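Student:
Number of protein chains: 2
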Amino acid sequence: MHKRLFIPGPVDVAPDVLEKMGTQMIGHRTKEASVLQRSISDKMRKLMYTENEILLSTTSGSGLMEGAIRCCTRKRAAVFSVGAFGDRWFKMAKANGVPADKFSSELGQPTTPEMVEKALSTGKYDLVTITHNETSTGIQNPIEEIAEVLRKYPDVIFCVDTVSSLGGAKIEVDKLGIDVCITSTQKCLGLPPGLAICSFSQKALEAARQVENRGLYLDLVEIYDYIQKKDYQYPSTPSLSHMFALDYQLDKIMEEGIENRFARHSQMANYVREWANKHFEVLPEEKYASETLTTIKNTKEISVKDLNNKLAEKGYMISNGYGDLKDKTFRIAHMADTTLEDIKVLLNIIDEILNQ
Amino acid sequence: MHKRLFIPGPVDVAPDVLEKMGTQMIGHRTKEASVLQRSISDKMRKLMYTENEILLSTTSGSGLMEGAIRCCTRKRAAVFSVGAFGDRWFKMAKANGVPADKFSSELGQPTTPEMVEKALSTGKYDLVTITHNETSTGIQNPIEEIAEVLRKYPDVIFCVDTVSSLGGAKIEVDKLGIDVCITSTQKCLGLPPGLAICSFSQKALEAARQVENRGLYLDLVEIYDYIQKKDYQYPSTPSLSHMFALDYQLDKIMEEGIENRFARHSQMANYVREWANKHFEVLPEEKYASETLTTIKNTKEISVKDLNNKLAEKGYMISNGYGDLKDKTFRIAHMADTTLEDIKVLLNIIDEILNQ
Numbered sequence: 008m009h010k011r012l013f014i015p016g017p018v019d020v021a022p023d024v025l026e027k028m029g030t031q032m033i034g035h036r037t038k039e040a041s042v043l044q045r046s047i048s049d050k051m052r053k054l055m056y057t058e059n060e061i062l063l064s065t066t067s068g069s070g071l072m073e074g075a076i077r078c079c080t081r082k083r084a085a086v087f088s089v090g091a092f093g094d095r096w097f098k099m100a101k102a103n104g105v106p107a108d109k110f111s112s113e114l115g116q117p118t119t120p121e122m123v124e125k126a127l128s129t130g131k132y133d134l135v136t137i138t139h140n141e142t143s144t145g146i147q148n149p150i151e152e153i154a155e156v157l158r159k160y161p162d163v164i165f166c167v168d169t170v171s172s173l174g175g176a177k178i179e180v181d182k183l184g185i186d187v188c189i190t191s192t193q194k195c196l197g198l199p200p201g202l203a204i205c206s207f208s209q210k211a212l213e214a215a216r217q218v219e220n221r222g223l224y225l226d227l228v229e230i231y232d233y234i235q236k237k238d239y240q241y242p243s244t245p246s247l248s249h250m251f252a253l254d255y256q257l258d259k260i261m262e263e264g265i266e267n268r269f270a271r272h273s274q275m276a277n278y279v280r281e282w283a284n285k286h287f288e289v290l291p292e293e294k295y296a297s298e299t300l301t302t303i304k305n306t307k308e309i310s311v312k313d314l315n316n317k318l319a320e321k322g323y324m325i326s327n328g329y330g331d332l333k334d335k336t337f338r339i340a341h342m343a344d345t346t347l348e349d350i351k352v353l354l355n356i357i358d359e360i361l362n363q
Numbered sequence: 008m009h010k011r012l013f014i015p016g017p018v019d020v021a022p023d024v025l026e027k028m029g030t031q032m033i034g035h036r037t038k039e040a041s042v043l044q045r046s047i048s049d050k051m052r053k054l055m056y057t058e059n060e061i062l063l064s065t066t067s068g069s070g071l072m073e074g075a076i077r078c079c080t081r082k083r084a085a086v087f088s089v090g091a092f093g094d095r096w097f098k099m100a101k102a103n104g105v106p107a108d109k110f111s112s113e114l115g116q117p118t119t120p121e122m123v124e125k126a127l128s129t130g131k132y133d134l135v136t137i138t139h140n141e142t143s144t145g146i147q148n149p150i151e152e153i154a155e156v157l158r159k160y161p162d163v164i165f166c167v168d169t170v171s172s173l174g175g176a177k178i179e180v181d182k183l184g185i186d187v188c189i190t191s192t193q194k195c196l197g198l199p200p201g202l203a204i205c206s207f208s209q210k211a212l213e214a215a216r217q218v219e220n221r222g223l224y225l226d227l228v229e230i231y232d233y234i235q236k237k238d239y240q241y242p243s244t245p246s247l248s249h250m251f252a253l254d255y256q257l258d259k260i261m262e263e264g265i266e267n268r269f270a271r272h273s274q275m276a277n278y279v280r281e282w283a284n285k286h287f288e289v290l291p292e293e294k295y296a297s298e299t300l301t302t303i304k305n306t307k308e309i310s311v312k313d314l315n316n317k318l319a320e321k322g323y324m325i326s327n328g329y330g331d332l333k334d335k336t337f338r339i340a341h342m343a344d345t346t347l348e349d350i351k352v353l354l355n356i357i358d359e360i361l362n363q
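Sequence lines, in order, name chains E and W.
Everything in the first sequence is counted per the working numbering, starting at 8 for the first residue and increasing by one.
Everything in the second sequence is counted per the working numbering, starting at 8 for the first residue and increasing by one.
1. Who are the neighbours of Glu-73(W) on chain E, taking C-beta pairs under 8 Å?
2. Measure the CB-CB distance between Val-279(E) and His-341(E) and report whether it falls below 8 Å.
3. Can you say whether Gly-104(W) is buried or exposed, counting buried as having 16 or more other CB atoms within 10 angstroms of its CB?
4. Anything in chain E within Cβ reach of Gln-44(W), meaning under 7 Å, just list it in chain order.
5. Got a sec: is the Cβ-Cβ distance from Lys-98(W) to anything in chain E below 8 Å?
6. For Met-122(E), tell me which candidate among Tyr-231(E), Asp-238(E), Leu-157(E) has the shortest Cα-Cα distance.
7. Of all the residues that make up the segment 237 to 260 of chain E, which are near chain W by a beta-carbon distance shorter than 8 Å?
8. Find the nearest neighbour of Leu-25(W) within the set Gln-31(E), Tyr-160(E), Glu-152(E), judged by alpha-carbon distance.
9. Which residues does DSSP pair with Phe-87(E) in a beta bridge?
10. Should Ser-67(E) go down as buried or exposed, given a rule of 16 or more other Cβ atoms within 10 Å for buried?
11. List, in order along the chain, the chain W residues whose C-beta lies closer than 9 Å to that of Ser-273(E)?
12. The alpha helix (DSSP H) with Val-20(E) in it runs from where to where?
13. Measuring CA to CA, which of Leu-354(W), Gly-90(W), Asn-148(W) is closest to Tyr-329(W)?
14. Can you tell me the Cβ-Cβ gap for Glu-73(W) and Met-55(W), rounded? I've got them flagged as a contact below 8 Å.
15. Using a Cβ-Cβ cut-off of less than 8 Å, give me the residues of the segment 159 to 185 of chain W that come near chain E, in sequence order.
16. Please name the residue in Ala-21(E), Val-311(E), Val-352(E), Cys-166(E) whose C-alpha comes closest to that of Ala-215(E).
17. Per DSSP, what are the beta-bridge partners of Glu-141(E) in this structure?
18. What residues match up with Asn-327(E) in a beta bridge as DSSP calls it?
19. Would you be able to state if there are at least three C-beta pairs under 8 Å between the segment 131 to 139 of chain W and the segment 317 to 331 of chain W?
20. Kindly indicate the opening and closing residues of the beta strand (DSSP E) around Ile-204(W).
21. If we count the other Cβ atoms within 10 Å of its Cβ and call it buried at 16 or more, is Ser-64(E) buried or exposed?
22. Among residues of its own chain, excluding the 5 on either side of Thr-244(E), which ones have a beta-carbon nearer than 6 Å to its beta-carbon?
23. Decide yes or no for the touch test of the segment 136 to 153 of chain W against the segment 223 to 243 of chain W: beta carbon pairs closer than 8 Å, at least 3 of them.
24. Can you tell me whether Leu-332(W) is buried or exposed? The criterion is at least 16 other CB atoms within 10 Å of its CB, across all chains shown.
25. Let me know the secondary structure DSSP gives Glu-60(W) once reduced to three states.
26. Using alpha carbons as the reference points, say which of Ile-14(W), Asp-186(W), Leu-43(W), Glu-151(W) lies closest to His-249(W).
27. For His-272(W), is the classification buried or exposed, using 16 other Cβ atoms within 10 angstroms of its Cβ as the cut-off for buried?
28. For Cys-78(W), which residues from the same chain have a beta carbon less than 7 Å from its beta carbon, with the 5 sequence-adjacent residues on both sides left out?
29. Pick out whichever of Ala-40(E), Ile-61(E), Leu-183(E) has its Cα sitting closest to the Cα of Lys-50(E).
30. In whole angstroms, what is the alpha-carbon distance linking Ile-360(E) and Asn-148(E)?
31. Residues of the segment 19 to 52 of chain E with a CB closer than 7 Å to any CB of chain A: list them in chain order, please.
32. Judging by CA-CA distance, which residue of Lys-177(W), Gly-264(W), Ile-47(W), Glu-39(W) is the nearest neighbour of Tyr-255(W)?
33. From Asn-355(W) to Tyr-323(W), what does the alpha carbon distance come to, in whole angstroms?
34. Taking the alpha-carbon of Ser-171(W) as reference, which of Ala-154(W), Leu-196(W), Pro-242(W), Leu-353(W) has the nearest alpha-carbon?
35. Quick one: give me the first and last residue of the beta strand (DSSP E) that Cys-78(E) is part of.
36. Starting from Val-279(W), trace the beta strand (DSSP E) both ways and give me its first and last residue.
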């Protein structure tokens, strides 16, 4: 039996979108491929509120995160971490010999603008990475306030991981001055995993051109230059299946209306948080609670494993806590094409199980 | 209208395999995901005639090629090139600061065992890369004879690009002593692009552990260690869609019979070469001609573009020459699930067009 997924990715994919994953192949060096890939870029620009170029990468989101920190750090990177995915970004820097320092918040606490200001005021850094939405803790960082700080440091490249929020929360890339805004298909965009997407500013491009030893497959400059020269075709054979499905899903997103989509995510988040605070406790402060998934403190010390086993019998699946937070927290995602009605059904079933 | 593809990847994918690309998502941290990924590894080992571990990467074949040369070169790599894809491997080494020398054959000529012997006898190299099958020239290198040379240098890591041949030509990885044998889904395996696969020997693993600065997403050690620890789950979210389809397609390949599959590719290759030699000329010597695609010298100076336009009207597509060989050659692929009957139909149509 298929289990409806309320885990923070992969998400359930709509049947018509899944069908597009099965589109027959075309040559990746044809005009058709150019049209498809250009169409995706145009639509992604709208969803990201940006005029910057869009790069696609046949990788998970991690691929572009690694590409960004490796390619765009000239001097030293300041990596702000609020959990597993910030830690991974730091690990990527180290693994590529990129000078970097990590600034961690306590689990469940955000990256604050003060932390960013303090680091940047040293003058040591020319690149900052921020996790917008951290799926391990359910934190959504105060990106507007952080962007305010970045504005004072025009030479610093601003990289943001929006893997688990873009398409579910409003991220106005150009207004925020984000140079590299990274996401992937299997979260709020409502597609299978296998393709990563980023916006790439001219400032980031110019910075990256000064960096040697950028590698090739994950080199953002290589991708950028290639798509300029070859009308949106990619250096190596891309995942056309994901591109067919993404192009189609972006039409559906535009049909729903971008603002409506964000409002739906907010509604679901509010509903889950209200439920969580009634029975347990939401991990982050309300102000920093994610709009796309909720991490709940397991204050009643229930067995998350048992709960998930019972949910599985009914065809549902949520997530245990991540890493050190396993069993101490559990997570309910409200992403992509999930509706408030779906959430209500899920929470009713959880209530029934917990009341047994 | 969909055009039947006789280009060297992407290839046409069978409708039932395409349908598997539309399988609904599962959690990538579930037992189901472990079972799926282990099943693929077991079947790939059979197809590759190896006991070595199998690594999957959500990238094109280029991703694993870059990972292999970056991770496994301790001293210096000898890159043997017979065209575009050997050149790319060298470019990858340079882009990652990996010391490397390139040994190029003239276009249409193979890498010879003598060339490999001469390079290795200097003692300068601890890694060799060979393109088994080069789609730009239609060369299939004498891998058995090259493997004989490598046997004399047990400290050298032997990496082979079989992206455009594995699944269509017999490559006995263990017998040949190949340490890293790399392929991807969109050629002879008959799947959409978006997933790369390699076998990875213990010798390659031990070599790679001595190398620093291996990066993360394309680090073969990171992938190897993770799948050992987490029962075949991957460090970041993989392309589950490709995995569903690959697992299914590997069953179909076993059903056809591996040897039967290779025989079918040989038959198709012989038929195309015979046709080509009647009307034009096959680019490489018979002895080095690829079993999966044929590069044909355009001795009649036909307009390949016109031919392809006319083929398109009838729903077919072949490839122009690659890079410098554009218009001087053209290419017909006979890969994956293509049958001899398909090839006969295609060549009849080409005959009709050329006779007009």
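Every residue, glycine too, gets a C-beta built ideally from N, C-alpha and C.
Because the structure is a prediction, the values reported are computed rather than measured.
Tutor: On the basis of the supplied data:
1. Your numbering for residue 73(W) matches position 66 in the second sequence. By Cβ distance, chain E contributes Gly-222, Leu-223, Tyr-224.
2. For the purposes of this step, residue 279(E) is identified with residue 272 of the first sequence, where counting begins at 1. For the purposes of this step, residue 341(E) is identified with residue 334 of the first sequence, where counting begins at 1. Their beta carbons are under 8 Å apart, which means Val-279(E) touches His-341(E) by this criterion.
3. Indexing the second sequence from 1 puts residue 104(W) at position 97. Classification for Gly-104(W): exposed.
4. Start at 1 with the first residue of the second sequence, and residue 44(W) comes out as number 37. Chain-order list of chain E residues neighbouring Gln-44(W): empty, with the shortest C-beta distance near 13 Å, by a criterion of under 7 Å.
5. Taking the second sequence and counting its residues from 1, one reaches residue 98(W) at position 91. Output row for Lys-98(W): interface = yes.
6. The count along the first sequence starts at 1 and reaches residue 122(E) at position 115. Nearest in C-alpha terms to Met-122(E), of all of Tyr-231(E), Asp-238(E), Leu-157(E), is Leu-157(E).
7. So the close ones are Pro-242, Ser-243, Thr-244, Pro-245, Ser-246, Leu-247, Ser-248, His-249.
8. Here residue 25(W) refers to the residue found at position 18 of the second sequence. The option with the nearest alpha carbon to Leu-25(W) is Gln-31(E).
9. Position 80 of the first sequence, counting from 1, holds the residue named residue 87(E). According to DSSP, Phe-87(E) bridges with Phe-110(E).
10. Working through the first sequence from its first residue, we reach residue 67(E) at position 60. With 16 or more other Cβ atoms from the protein chains shown falling within 10 Å of its own Cβ, Ser-67(E) counts as buried.
11. Residue mapping note: residue 273(E) aligns to position 266 of the first sequence, counting from 1. Within chain W, no residue comes near Ser-273(E); the closest Cβ sits about 24 Å away, beyond 9 Å.
12. Taking the first sequence and counting its residues from 1, one reaches residue 20(E) at position 13. In the DSSP assignment, Val-20(E) falls outside any alpha helix (DSSP H) and carries neither an H nor an E.
13. On the second sequence, position 322 is the one that residue 329(W) refers to. When each option's Cα is compared against that of Tyr-329(W), the closest is Gly-90(W).
14. Working through the second sequence from its first residue, we reach residue 73(W) at position 66. Working through the second sequence from its first residue, we reach residue 55(W) at position 48. For a cut-off of 8 Å, the C-beta gap from Glu-73(W) to Met-55(W) is around 20 Å, too long to register as a contact.
15. So nothing in the stretch comes that close.
16. The count along the first sequence starts at 1 and reaches residue 215(E) at position 208. Distance check between Ala-215(E) and each of Ala-21(E), Val-311(E), Val-352(E), Cys-166(E) places Cys-166(E) closest, using alpha-carbon atoms only.
17. Sequence index remark: in the first sequence, residue 141(E) carries index 134 (1-based). Note: Glu-141(E) sits in a beta bridge opposite Ile-146(E).
18. On the first sequence, residue 327(E) is found 320 positions in, with the first residue counted as 1. The beta-bridge partner set that DSSP reports for Asn-327(E) consists of Phe-337(E).
19. In short, these stretches do not touch, since the Cβ pair count stays below three.
20. Translated into the one-based positions of the second sequence, residue 204(W) becomes position 197. Boundaries of the beta strand (DSSP E) harbouring Ile-204(W): 203 to 207, taken from the DSSP string.
21. Counted from its first residue, the first sequence places residue 64(E) at position 57. Result: buried.
22. Walking along the first sequence from the start, residue 244(E) turns up at place 237. Shown here for Thr-244(E): same chain residues with a beta carbon closer than 6 Å to its own, the five before and five after excluded, namely His-35 in chain order.
23. Verdict: no, contact absent.
24. On the second sequence, position 325 is the one that residue 332(W) refers to. That one is buried.
25. Within the second sequence, residue 60(W) is the residue found at index 53, counting from 1. Here Glu-60(W) sits in strand by DSSP.
26. Sequence index remark: in the second sequence, residue 249(W) carries index 242 (1-based). Answer by Cα proximity: Leu-43(W).
27. Translated into positions along the second sequence, residue 272(W) becomes position 265. Residue environment: His-272(W) is assigned as buried (16 or more neighbouring CB atoms within 10 Å of its CB, all protein chains considered).
28. Counting from one through the second sequence, the residue named residue 78(W) turns up at place 71. Excluding residues up to 5 positions away in sequence, Ala-215, Val-218, Arg-221, Asp-226, Leu-227, Val-228 lie with their Cβ nearer than 7 Å to the Cβ of Cys-78(W) in the same chain.
29. Your numbering for residue 50(E) matches position 43 in the first sequence. Of the residues Ala-40(E), Ile-61(E), Leu-183(E), the one whose Cα lies closest to the Cα of Lys-50(E) is Ile-61(E).
30. For this step, residue 360(E) is matched to residue 353 along the first sequence. For this step, residue 148(E) is matched to residue 141 along the first sequence. For Ile-360(E) and Asn-148(E), the distance between alpha carbons rounds to 33 Å.
31. No chain A is present in this structure, whose protein chains are E and W.
32. Numbered from its first residue, the second sequence carries residue 255(W) at position 248. Of Lys-177(W), Gly-264(W), Ile-47(W), Glu-39(W), the residue nearest in Cα terms is Ile-47(W).
33. On the second sequence, residue 355(W) is found 348 positions in, with the first residue counted as 1. On the second sequence, residue 323(W) is found 316 positions in, with the first residue counted as 1. If you take the alpha carbons of Asn-355(W) and Tyr-323(W), they lie about 12 Å apart.
34. Taking the first residue of the second sequence as position 1, residue 171(W) is located at position 164. Comparing alpha carbon positions, the residue from Ala-154(W), Leu-196(W), Pro-242(W), Leu-353(W) closest to Ser-171(W) is Leu-196(W).
35. Working through the first sequence from its first residue, we reach residue 78(E) at position 71. Unbroken run through Cys-78(E) is the alpha helix (DSSP H), 68 to 79; no beta strand (DSSP E).
36. Sequence index remark: in the second sequence, residue 279(W) carries index 272 (1-based). If you look at Val-279(W), you'll find it isn't in any beta strand (DSSP E); it sits in the alpha helix (DSSP H) that goes 265 to 286.
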